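Residue numbers (the numbering used here): 1 to 99.
Don't be surprised by glycine CBs; every beta carbon is placed ideally from N, CA and C.
Being a predicted model, the structure only gives us computed values, none of them experimental.
Before any comments, here is the structure.
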């Protein structure tokens, strides 16, 4: 089984925004909830954590997972729904939490 755990890009605190302004008080928060879920996932599953704040991958060229988990803050909601729709349109179950 292949599982993608995704932290969608955040327009408020992306790594690009933080790097562009040295006076920016925002910080990029690591998706700790996804790391906990990865640790609780059965050992025979292949888990990939995708943090879009470090760069948005080309999901079309990636191998298809069996399940996708997405976490999001309110500021990430629109992107989270876009990512979820992409995988749902491929018939892949999506579980979303946060917001």
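Nearest neighbour of residue i, chosen from the options [CA to CA]
i, options, result
"residue 55", "75, 90, 11", "11"
"residue 9", "30, 35, 53", "53"
"residue 38", "78, 1, 57, 64", "1"
"residue 45", "5, 91, 96, 98", "5"
"residue 99", "30, 77, 42, 34", "77"
"residue 35", "70, 60, 93, 83", "70"
"residue 62", "32, 86, 42", "86"
"residue 74", "97, 3, 88, 42", "97"
"residue 43", "3, 92, 88", "3"
"residue 31", "80, 72, 57, 59", "72"
Contact belief for residue i with residue j at Cβ below 8 Å, rounded distance in angstroms
i, j, result
"residue 50", "residue 7", "7 Å"
"residue 64", "residue 90", "7 Å"
"residue 88", "residue 94", "5 Å"
Beta-bridge pairing of residue i - partner residues as DSSP gives them
i, result
"residue 7", "51"
* To do: Within the stretch 24 to 98, note down every full alpha helix (DSSP H) run reaching 4 residues or more, in order along the chain.
  => List check, alpha helix (DSSP H) in window: 32 to 40, 77 to 89.
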